[in-house]
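**Q** To start, I am sharing the structure in question, which I have written as structure tokens.
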Amino acid sequence: ALGGLIVLAILFSFLSPYFFTTGNLANLLNQAASLVMLGMALVFVLLLGEIDLSAGVTGGVSMALFVVLNDRVGVPWIPALLIGFAAGIATGALIGFFVARVGIPSFVVTLGLFLGYQGLALIIIGSGGLYQMNVQFLSDIQNSNMPIWAGWALLVVVLVITAVTAFWDRA
Numbered sequence: 036a037l038g039g040l041i042v043l044a045i046l047f048s049f050l051s052p053y054f055f056t057t058g059n060l061a062n063l064l065n066q067a068a069s070l071v072m073l074g075m076a077l078v079f080v081l082l083l084g085e086i087d088l089s090a091g092v093t094g095g096v097s098m099a100l101f102v103v104l105n106d107r108v109g110v111p112w113i114p115a116l117l118i119g120f121a122a123g124i125a126t127g128a129l130i131g132f133f134v135a136r137v138g139i140p141s142f143v144v145t146l147g148l149f150l151g152y153q154g155l156a157l158i159i160i161g162s163g164g165l166y167q168m169n170v171q172f173l174s175d176i177q178n179s180n181m182p183i184w185a186g187w188a189l190l191v192v193v194l195v196i197t198a199v200t201a202f203w204d205r206a
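The sequence shown begins at 36 in our numbering and counts up one residue at a time.
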């Protein structure tokens, strides 16, 4: 994969003199940020010898729920976002229950959930697609960099969750 990336970078640098400019590289990294975050989360699943085929569609359904609640139903954006996060967390907990407690292989559980959530996404979104959201705070996050303090706060939250779950597993 790394070799292919290097070959593509060399190819595109010959095709366009603007490929290795700082603006283009920043744009590529900005566009890849969400996929990198999802990939980093899935590394832990893979390290455990499991696989999660439903991660992408789970995120899509959770955020579709957020947008629909905010735009169509009129729920303020913070509660709608928390409901979307809660839906994703509940899905992860459901998958974890079936894999860890019931003993069903993760491939089977997540494949079934993947297929079911594709249908659920179509039900939530409908045939009209999603709407443009007019929340200034979210636009500011989309169009700028995350503050450094927010990254450190996120790290602290992840470490606390890791410590609590490690303690819980030993108890």
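C-beta: ideal position from N, C-alpha, C; glycine also.
#1: Taking buried to mean at least 16 other C-beta atoms within 10 Å of its own C-beta, is residue 143 buried or exposed?
#2: Pop quiz: residue 73 and residue 99 are said to be a contact at Cβ under 8 Å. What is the actual Cβ separation, rounded to whole angstroms?
#3: Are the beta-carbon atoms of residue 53 and residue 59 separated by less than 8 Å?
#4: Grab me the residues of residue 110's own chain with a C-beta within less than 6 Å of its C-beta, minus the 5 sequence neighbours each way, in chain order.
#5: Going along the chain, which residues of its own chain have a beta-carbon closer than 6 Å to the beta-carbon of residue 138, five neighbours each way excluded?
#6: For residue 174, which of 186, 112, 163 and 117 has the nearest alpha-carbon?
#7: Would the segment 123 to 132 and the segment 179 to 193 be scored as touching if the rule is three or more Cβ pairs under 8 Å?
#8: Under 8 Å between the Cβ atoms of residue 80 and residue 153?
#9: Do you know offhand how far residue 118's Cα is from residue 148's?
#10: Taking a contact to mean a Cβ-Cβ separation below 8 Å, would you say residue 121 touches residue 101 in this structure?
#11: Could you spell out where the alpha helix (DSSP H) holding residue 59 opens and where it closes?
**A** The structure says:
#1: Classification for residue 143: exposed.
#2: About 16 Å separates the two Cβ atoms, so there is no contact after all.
#3: Using a Cβ distance threshold of 8 Å, residue 53 and residue 59 count as a contacting pair.
#4: Same-chain partners within the cutoff: 104.
#5: By the criterion of a C-beta distance shorter than 6 Å, residue 138 is surrounded by no residue of its chain, once the five residues flanking it on both sides are discounted.
#6: Among 186, 112, 163 and 117, the Cα nearest to that of residue 174 belongs to 112.
#7: Cβ pair count under 8 Å is below three, so no.
#8: Cβ atoms of residue 80 and residue 153: not closer than 8 Å.
#9: If you draw a straight line from the Cα of residue 118 to the Cα of residue 148, it is about 19 Å long.
#10: Against a cut-off of 8 Å, the Cβ pair of residue 101 and residue 121 comes out as no contact.
#11: Residues 57 to 82.
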